[in-house]
Amino acid sequence: MTNQGNQQAAREFAGAFAESLADSLTRAAGRAWQIKVLEGPDLSAQQGQAIHFQITLEGALRGSFFVELYQQQVRELVSKISGEVVSAFDEADGNALEEVLAAAATALAAKLSAQRGAFTCTVEHVSGLAFGGMLLMPLSAFEEEQPGISVTLYFDGQLLSALGAELPGQGPATKSKSALDALNLNLVMDVELNVSLRFGQRQLPLHEVLELVSGSVVELDRQVDDPVELLLDGKVIARGEAVIVDGNYGLRVTEIPQPIASHLAR
């Protein structure tokens, strides 16, 4: 299946997980919750340190996806679940949220078993993650008129391929190896690549280029609030916002148009 087809399959999977998670939150908190899949991440709702949980699938579907929430909102969420004010995130809060996610994952497996075949899910609290090359799927969880809580899902390549595979009964399964397998990327994983940030661009006639002097201002084709692009060999592999890290420029990635590894297969 194409990258676009894989992304659509992942979006449908994220929608099913969102429904299961909303039901799990509703039971745990005693209040009605809704969760919807967003077109893009809500940066205003991402506050504080990120907290991650890994959900691993085994069986007819194999692979992992990661759930990202933010500490400040997790404290509010756990407060609503426990009925007590949580002033600081600790292990007990992580366990409470892990139980909610585990219940949602179990319901998800039961919901999709008829379509996808039987599979099981395990949930664990993890840290120190790097999400390069994973498909990002933003969600928003909210109850009644309360502000939404940012929930982001990241799909690894194995699960993304499994979701994009032909469903049972839809036709003969193909067993051809992907182009990435043929490349055997493990042999070149330590090769350094040059990436660049693009804040914007502008085409100028030669005579205007020759007139440039110190202090000249060149207007770019991008608004100040437009995302910055991260390029690899001239191809856009991610978008985000410019930040300062220890006195250096950095990029906080907010969007990965398609799995980064797919660019290397071309």
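Per this note's numbering, the very first residue in the sequence shown carries number 841; after that it's consecutive. Each residue gets a CB set at the ideal place from its N, CA and C atoms; glycine is no exception.
As DSSP reads the structure, residue 974 sits in no beta bridge.
Listed in chain order, the non-local C-beta contacts of residue 888 below 6 Å within the same chain comprise 910, 911, 912, local neighbours out to five positions each way being set aside. Shown here, residue 1038 sits in a strand according to DSSP, grouped into three states.
The beta carbon of residue 902 is closer than 8 Å to those of 959, 998, 999, 1002 in its chain, skipping five residues each way along the sequence. Here residue 1062 is not bridged, per DSSP, to any residue. The alpha-carbon separation between residue 949 and residue 871 amounts to approximately 24 Å. Runs of the beta strand (DSSP E) lying entirely within the region 887-967 and spanning at least 3 residues, in chain order: 890-899, 903-910, 959-966.
Distance from the CA atom of residue 1004 to the CA atom of residue 996, rounded to whole angstroms, is 12 Å. In the three-state DSSP reduction, residue 1054 falls in the coil class, being neither helix nor strand.
Look at residue 1087 here: in three-state DSSP terms it is coil, with no helix or strand label. Counted as a single uninterrupted DSSP element, the stretch harbouring residue 998 is not any beta strand (DSSP E) but the alpha helix (DSSP H) occupying residues 997-1004.
Residue 980 sits buried, since 16 or more C-beta atoms from the chains shown fall within 10 Å of its C-beta. The region 942-956 makes contact with the region 847-866: 3 or more CB pairs, one atom from each, lie closer than 8 Å.
Taking 8 Å as the upper bound for CB-CB distance, residue 892 and residue 990 are not in contact here, some 13 Å apart. Short of 6 Å from the beta carbon of residue 1039, and not among the five residues preceding or following it, lie these beta carbons of its own chain, in chain order: 1068. Nearest neighbour of residue 1074 by Cα position, chosen from 1083, 1065, 1037, 1096, turns out to be 1037. Secondary structure note for residue 877: its beta strand (DSSP E) is the uninterrupted segment 874-877. Residue 933 counts as buried, since no fewer than 16 other beta carbons sit within 10 angstroms of its beta carbon.
Spanning the alpha carbons of residue 937 and residue 869 requires a straight line of approximately 11 Å. Assigned with DSSP and collapsed to three states, residue 852 falls in helix. According to the DSSP assignment, residue 1072 belongs to the beta strand (DSSP E) that extends over 1068-1072. Here residue 1088 is exposed: its Cβ has fewer than 16 other Cβ atoms, across all protein chains shown, within 10 Å. Residue pairing by DSSP places residue 1079 opposite 1069, 1095 in a beta bridge.
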